[in-house]
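With numbering that gives the first Met the number 0 applied, the sequence shown closes on residue 254, and no number is skipped along the way. Below: one structure, written as structure tokens.
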Amino acid sequence: MSQETKARTFSELHRKGDPVILFNIWDAGSAKAVADSGAKALATGSWSVAGAQGYGDGEALPLDLLEVIVKRIAATTELPLSVDFEGAYATGPTGVGKNIARMIAAGAVGVNFEDQKIGGSGLYPVAEQAARISSARSAAEDAGLPFFINARTDLFLKDREPENHPALMAEAIARARAYAEAGASGIFMPGLKTPDLIRQAVEAVELPLNILMMPGVPEPKELASLGVSRISYGPGPWREMMAWVTERAGEVYGA
């Protein structure tokens, strides 16, 4: 299957009410395991990929090493692959475009691209993040690929208290609309948990909505009924696997 076909297939999997489920992976081995389980697509999690190599999250993993990992995963499976690319390892639009091109060349058909300032505080202003997304889209167009840019807003992770989230919805929706106009393919709102607010986001934004599974988030079946198009498991699978390894090793060593 060509990379272009994979990209189109991946985009078509994002359907309101029938979400694509992404049990996030961290290397070629986990990619093969998830692919063999019946998954329709694969997606890395930045926390998991970095942790599996002994790094922390937040672009501590060198970009060159991430590129090697993405190439290896893409060579392992015929499934579409999306990469959690954090802030694209760049601040300005030019750097974003160059690094998106590297992920495309490595075999990815999509990325998560977030609006928080990696290593800094707060989020990029809307216009600035929109310019970064526009550069990412231009890089995809230069490659001739219908690349899926999953624009992530970290509003609901910066304030994790659900009771405060209604006050954030206007900004979240404004960001989603601006990101869509700039060339985003989907909108990711990790940390959003309340069913009524999830439905509000679905109805207010044309882009497919991605929700992260975490404590307090409705189960996938309910998320589907709310109109969610994509469900991600984030670092959960890697954390659970590492906890299992630690527990089993403790039994072996008598810890």
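Positions of the beta carbon are idealized from the N, C-alpha and C atoms, including for glycine.
It is roughly 8 Å from the alpha-carbon of residue 164 to the alpha-carbon of residue 158. Counting every other CB atom within 10 Å of its CB across the protein chains shown gives residue 46 a total of 16 or more, marking it as buried.
The beta carbon of residue 50 sits closer than 8 Å to those of 25, 56, 234, 237, 241, all from its chain and outside the five residues before and after it, given in chain order. Under the 8 Å Cβ criterion, the region 115 to 132 does not count as touching the region 61 to 75, having fewer than three qualifying pairs. Taken through DSSP and simplified to helix, strand or coil, residue 187 comes out as strand. Cβ contact annotation for residue 137 (same chain, cutoff 7 Å, sequence separation greater than five): 96, in chain order. Three or more beta-carbon pairs drawn from the region 222 to 232 and the region 200 to 209 are found closer than 8 Å, and the two stretches are therefore classed as touching. Taking a cut-off of 8 Å for Cβ pairs, the region 208 to 223 and the region 169 to 188 touch, as three or more such pairs fall below it. If you look at residue 110, you'll find it in the beta strand (DSSP E) that goes 109 to 113.
Residue environment analysis places residue 81 among the buried positions, since at least 16 neighbouring C-beta atoms fall within 10 angstroms of its C-beta. Taking the Cα positions, residue 105 is about 43 Å away from residue 253. Out of 245, 103, 13, 2, the CA that lies nearest to the CA of residue 66 is found in 103. Per DSSP, residue 163 lies in no alpha helix (DSSP H) segment and is marked neither H nor E.
When the five nearest sequence neighbours on each side are left out, the beta carbons in the same chain lying within less than 7 Å of the beta carbon of residue 176 are those of 204, in order along the chain.
Apart from the 5 residues on each side of it in sequence, residue 71 sits with its Cβ closer than 6 Å to the Cβ of 27 in its chain, given in chain order. Around the beta carbon of residue 244, a 10 Å sphere encloses fewer than 16 other beta carbons of the protein chains shown; the residue is thus reported as exposed. The region 89 to 136 contains, as complete alpha helix (DSSP H) runs of 4+ residues, the segments 92 to 105 (chain order). Distance from the CA of residue 219 to the CA of residue 22, rounded to the nearest whole angstrom, comes to 12 Å.
Residue environment analysis places residue 64 among the exposed positions, since fewer than 16 neighbouring C-beta atoms fall within 10 angstroms of its C-beta. Secondary structure note for residue 80: its beta strand (DSSP E) is the uninterrupted segment 80 to 83.
Less than 8 Å divides the Cβ of residue 125 from the Cβ of residue 173.
One alpha carbon belongs to residue 58, the other to residue 86, and they sit about 8 Å apart.
By a beta-carbon distance limit of 8 Å, residue 91 does not contact residue 146. Their separation comes to about 20 Å. Straight across, the Cα-Cα distance linking residue 168 with residue 192 is about 12 Å.
Taking the CA atoms as reference points, residue 107 sits about 16 Å from residue 11. Rounded to the nearest whole angstrom, the C-alpha separation of residue 130 and residue 181 is 7 Å. Counting along the chain, residue 206 sits inside no beta strand (DSSP E), nor does DSSP assign it H or E at all.
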